[in-house]
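Take a look at the structure set out below.
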Amino acid sequence: MTLGPTGTDAYTEASKIFRDVILAETFPEAMTRAHEEKHYALVAAGYIERTGNTGNVSQSWVDIHFQWLGEMHISAIWESPTKEMCLAFNHQKVRRLEDVRTVAIHPSTETLARKILPDADYTYTRAKPIAVECAANGLVDACLGSRDIVQQNSSLTIHKTLHPTMVWCLYKP
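FYI, in numbering that gives the first Met the number 0 the residues of the sequence shown are 0 to 172.
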């Protein structure tokens with residue numbers, strides 16, 4: 000049980016361990032369902048949720064960890080490369096990176112995105128594939144997403160590719 004949709008780093012990482020991966024809308028939902036259904040839950044230690052576009056942190060991995068303390072137990076922790084990420088812009092909306100004003104991201108990638116576009120306005124999504132969809136559909140100028148997902152959208156131009164790692168926590172009931 001982990002964060003969906005298909006195409007997320009969580010799905011990719013879980014697929015390395017489990018033949019069948021059950022997807023949830025959020026990491027908190029993955030933990031709840033894993034507990035109820037007696038499944039493992041895979042959660043990124045870098046998980047952070049922000050409220051709307053205010054940027055206020057509403058939940059993080061530590062909140063999930065403490066919420067389930069004594070009920071869900073860490074089975075394993077490891078560091079692993081994420082899927083290749085990239086900052087891409089919608090070339091139908093903006094001509095150059097310097098013209099980008101709005102960016103869709105998953106909140107956990109904000110530090111990476113701000114290194115490239117420190118003054119942009121950020122829209123937070125629950126998963127990077129959704130951020131890519133926002134940019135491809137013209138709802139924002141740009142996105143930070145997984146390169147393989149970005150490349151499926153002809154309206155997006157890749158500006159910079161990133162190779163971060165993530166720490167993963169595997170929980171069991």
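C-beta atoms are modelled at their ideal positions from N, C-alpha and C, and glycine is treated no differently.
TODO: Count the other CB atoms, across all protein chains shown, that sit within 10 Å of the CB of His181; report buried if there are 16 or more and exposed otherwise.
DONE: In the structure displayed, the chain extends from 0 to 172; residue 181 sits before or after that span and is not available.
- [ ] Report yes or no: do the region 23 to 30 and the region 39 to 47 share at least 3 C-beta pairs separated by less than 8 angstroms?
- [x] yes
Task: CB-CB length for Thr1 against Val20, believed under 8 angstroms - done: 7 angstroms
Task: Buried versus exposed, by CB contacts within 10 Å (16 or more), Arg49 - done: buried
TODO: Less than 8 angstroms between the CB atoms is what I'm expecting for Thr122 and Ala103, so what's the real figure, rounded?
DONE: 5 angstroms
Task: Segment limits, alpha helix (DSSP H) that includes His90 - done: Unbroken run through His90: none, as it is neither H nor E.
TODO: Could you name the residues of the same chain whose beta carbon sits closer than 8 angstroms to that of Tyr170, not counting the 5 residues immediately before and after it, in chain order?
DONE: Met30, Ala33, Tyr39, Ala40, Leu41, Val42, Trp67, Met71, His72, Ile73, Ser74
- [ ] Measuring alpha carbon to alpha carbon, tell me which of Tyr46, Tyr10, Ala141 ends up nearest Arg95.
- [x] Ala141
Open item on the list: Please return the same chain residues whose Cβ sits closer than 8 angstroms to the Cβ of Glu83, not counting the five positions on each side in sequence.
Closed with: Ser145, Arg146, Asp147, Thr160, Leu161, His162
- [ ] Kindly identify the DSSP beta-bridge partner or partners of Thr80.
- [x] Reading the sequence as shown, one finds Pro at residue 80 and not Thr. Partner(s): Thr164.
- [ ] Please report how far the alpha carbon of Gly45 lies from the alpha carbon of Val93, in whole angstroms.
- [x] 31 angstroms
- [ ] Would you decide whether Gly54 is buried or exposed? Buried here means 16 or more other CB atoms lie within 10 Å of its CB.
- [x] exposed
- [ ] Check Ser59 in the structure and name its three-state DSSP category.
- [x] strand
Open item on the list: Please classify Phe88 as buried or exposed, where buried requires at least 16 other C-beta atoms within 10 Å of its C-beta.
Closed with: buried
Task: Identity of the residues DSSP links to Ile47 by a beta bridge - done: Ser59
Open item on the list: Considering only the alpha carbon of each residue, which of His90, Arg100, Ile157, Glu109 lies closest to Asn136?
Closed with: His90
- [ ] Starting from the N-terminal side, write out each stretch of the alpha helix (DSSP H) that is 4 residues or longer and does not extend beyond the region 114 to 153.
- [x] 127 to 135, 146 to 149
Open item on the list: Let me make sure I understand the geometry here. Which of Arg100, Thr5, Ala126 has the alpha-carbon closest to that of Ser107?
Closed with: Ala126
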